[in-house]
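Peer 1:
There are 2 protein chains.
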Amino acid sequence: MASRVPAGTAARTGGRQEAGQPARPSARERLLASANELFYSEGVQTVGIDRIIEHAGVAKASLYNTFGNKEGLVRAYLESRRQRSRNRIARALTRYREPRERLLAVFEAQGEMFTDPDYNGCAFVSASAEAGAGSAITDEADEYRAWMRGMFTELAAEAGAADPELLARQLHLLYDGAMLSARMDRDPTAAGTARAAAAVLLNATLPPRPASDGDARKGPGAARTAAV
Amino acid sequence: MASRVPAGTAARTGGRQEAGQPARPSARERLLASANELFYSEGVQTVGIDRIIEHAGVAKASLYNTFGNKEGLVRAYLESRRQRSRNRIARALTRYREPRERLLAVFEAQGEMFTDPDYNGCAFVSASAEAGAGSAITDEADEYRAWMRGMFTELAAEAGAADPELLARQLHLLYDGAMLSARMDRDPTAAGTARAAAAVLLNATLPPRPASDGDARKGPGAARTAAV
DNA sequence: ACCCTTTCAGACAGATCTGTCTATTCTAGC
DNA sequence: GCTAGAATAGACAGATCTGTCTGAAAGGGT
């Protein structure tokens, strides 16, 4: 993104986006992209409106016409993060069919995330910490976490867990801990550590599936066809 | 530089106050107590200097004489959190002698922490998220996390883990995840969930008895004699 | 051509925050 | 009682931030 187009009013919408023209994104999209970049890397409280509009090359009035106020922009930013996270995990899940492997694939997706040099922890945790008891942010975070937990629960049930809820909560703890450690300790291998611990949990609590050999509880990297 | 403490405060408290009087705490102590309460519950960025001094009943000049600037107060606040956390865990560890039980006791201490109605997540994570790449805060957080990890590593070694470092990292992940979940999901039972997962990990990776062989994992004998 | 929507540019008000400074009050020790 | 130093109360400067408002430019659709 970054679209640092020479501000100017140059050929904005490019007439039409039909031709091969890149079609400069709308003000809304540019604002959201800038919010994603600045809010995520520096924090929603630290980054002011002026920074956003300057980075997006957008007038202040456009921001307030589009999102109402700063909180509206923050909400839209978190919503886009949520969608992005869902897509990343859904994509990782398509790589496996075996339920046990699908559970571990979540941690592989996490590992890919950590390799991004711009990785800076969970956006919902940070935003929630910054905004205190901000209702809007809390709602977004709650929805995101409920989805994550439901996803883990479904996969755990498919894998034949005796108590899918419990296993899901435990895996979610590992997932959260890895997100936190990757940021606080600047350690991208946290996902591999979490995956190894998850594998131990699965082996100990899932019924002994005749699934090939006794899997591998390797450290970072791991996984057969892992990574993109 | 820190320790800009003018001898004044020391003179006041250290001088003589041992009359029967309650001895009102020094300005420094009241400021630190207010910082602990307000910074922790609402965030270091959100809470302004004026709120702090009003709550502490202290003049603004006293704050700046004692801590230099706001960052100095934040640093002192985090240092006191670190000490408190160390004490709580050390206290919990004295309750058990068996290494395996001592490892699990860390999660019990965590559970007690979660029962506090004012619990609001890890102060270091929140402060770090709010202040971005604030160097002082990062240093405090790094020190705290290094201590936690070292503590887990020592206990894991005492318990005879083949790879104490790995086990410590995994347990730390569970611990962090529980801290995060207790705050984000407002679920104090997260410590119990983490403890259960930790017990599974210990059963699966620790040798069955404090004797006998060292199981399938590669272990250059360093297992039980490592560190104290 | 004409209208209409979107966008731009930036001044401005009102609030808030950090940090400094002045002037007064309190307390301990001689 | 008196004095020195610490603490207090609060005004103040300087900066920053959110949100509003005015006014104009620039195309698209009819």
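Just so you know, the sequences run in chain order Y and F.
Quick note on the working numbering: the first sequence kicks off at 53 and runs consecutively.
Quick note on the working numbering: the second sequence kicks off at 53 and runs consecutively.
Heads up, the beta-carbon is just placed ideally off N, CA and C, and yes, glycines get one too.
Predicted, not measured: the structure shown is a model, and the values here were computed from it.
Less than 7 Å between CB atoms is the rule here; does F:Q97 satisfy it with respect to chain Y?
Peer 2: F:Q97 counts as touching chain Y.
Peer 1: Using 8 Å as the threshold, is the stretch 206 to 214 of chain F in touch with the stretch 245 to 261 of chain F, meaning 3 or more CB pairs across them?
Peer 2: In short, these stretches touch, since the Cβ pair count reaches three.
Peer 1: Using three-state DSSP, classify F:T205 as helix, strand or coil.
Peer 2: F:T205 falls in the helix class under three-state DSSP.
Peer 1: Tell me whether Y:T98 sits in a helix, a strand or coil according to DSSP, three-state version.
Peer 2: Three-state DSSP puts Y:T98 in coil, outside helix and strand.
Peer 1: Determine the chain F residues that contact Y:D237 at a beta-carbon separation under 7 Å, and present them in chain order.
Peer 2: Per Cβ cutoff of 7 Å: R197.
Peer 1: State whether the stretch 152 to 161 of chain F contacts the stretch 106 to 117 of chain F, with contact taken as three or more CB pairs (one from each stretch) at a distance under 8 Å.
Peer 2: As far as the Cβ criterion goes, the stretch 152 to 161 of chain F does not touch the stretch 106 to 117 of chain F, which means the pair count is below three.
Peer 1: So for F:P260, helix, strand or coil by DSSP?
Peer 2: DSSP places F:P260 in coil when its eight states are reduced to three.
Peer 1: Mind checking which residues open and close the alpha helix (DSSP H) that includes Y:R221?
Peer 2: Note, Y:R221: alpha helix (DSSP H), P216 to M236.
Peer 1: For Y:E123, go through chain F and note every residue whose CB falls closer than 7 Å to its CB, in chain order.
Peer 2: Per Cβ cutoff of 7 Å: no residues; Y:E123 is ~14 Å from chain F at best.
Peer 1: For a test of your reading of the model: does the CB of F:E195 fall under 6 Å from any non-hydrogen atom of the ligand SAH? Yes or no.
Peer 2: The ligand SAH is not part of the structure shown, which contains no ligands of any sort.
Peer 1: Would you report the Cα separation of Y:A243 and Y:V177, rounded to the nearest angstrom?
Peer 2: Their backbone Cα atoms lie some 17 Å apart in a straight line.
Peer 1: Relative to the alpha-carbon of F:R133, which residue among F:G229, F:A250, F:N172 and F:L232 has its alpha-carbon at the smallest distance?
Peer 2: It is F:N172.
Peer 1: Between which two residues does the alpha helix (DSSP H) carrying Y:S178 extend?
Peer 2: Unbroken alpha helix (DSSP H) run through Y:S178: A175 to A183.
Peer 1: Counting contacts by CB-CB distance shorter than 7 Å, is Y:R221 in contact with chain F?
Peer 2: Yes, its Cβ sits closer than 7 Å to a Cβ of chain F.
Peer 1: Consult DSSP for Y:R103 and reduce its assignment to one of helix, strand or coil.
Peer 2: Y:R103: helix per DSSP, three-state reduction.
Peer 1: Alpha carbons only, please: which of Y:R247, Y:F204, Y:W199 and Y:E195 is nearest the one belonging to Y:R221?
Peer 2: Minimum Cα distance to Y:R221 is reached at Y:F204.
Peer 1: Which two residues bound the contiguous alpha helix (DSSP H) that contains Y:R149?
Peer 2: Taken as a continuous stretch (DSSP letters only), Y:R149 belongs to no alpha helix (DSSP H), as it is neither H nor E.
Peer 1: Write down the C-beta distance between F:A144 and F:A161 rounded to the nearest angstrom, noting that I regard them as a contact closer than 8 Å.
Peer 2: Correct: roughly 4 Å between the Cβ atoms.
Peer 1: Evaluate F:T245 with the Cβ neighbour count: other Cβ atoms within 10 Å of its Cβ, from every protein chain shown; 16 or more gives buried, anything less gives exposed.
Peer 2: Burial call: buried.
Peer 1: Can you tell me where the alpha helix (DSSP H) holding F:T118 begins and where it ends?
Peer 2: Start and end: K112 to F119.
Peer 1: Would you verify that the beta carbon of F:A256 is, or is not, closer than 7 Å to some beta carbon of chain Y?
Peer 2: Answer yes: the Cβ-Cβ gap between F:A256 and chain Y drops below 7 Å somewhere.
Peer 1: Here's the rule I'm using: 16 or more other beta-carbon atoms within 10 Å means buried, otherwise exposed. How should Y:D215 be labelled?
Peer 2: Exposed, by the Cβ-count rule.
Peer 1: At the 7 Å Cβ level, is F:T102 part of the contact set with chain Y, yes or no?
Peer 2: The sequence shown places Asp at residue 102 of chain F, rather than the Thr named in the question. So no, F:D102 is outside the interface.
Peer 1: With 7 Å set as the bound, which would you pick, yes or no: does the beta-carbon of F:S178 sit closer than that to a beta-carbon of chain Y?
Peer 2: Yes, F:S178 counts as interfacial toward chain Y.
Peer 1: Residues in the same chain with beta-carbon distance under 7 Å from Y:C174, minus the five sequence neighbours each way, listed in chain order, please.
Peer 2: So the qualifying residues of the chain are M231.
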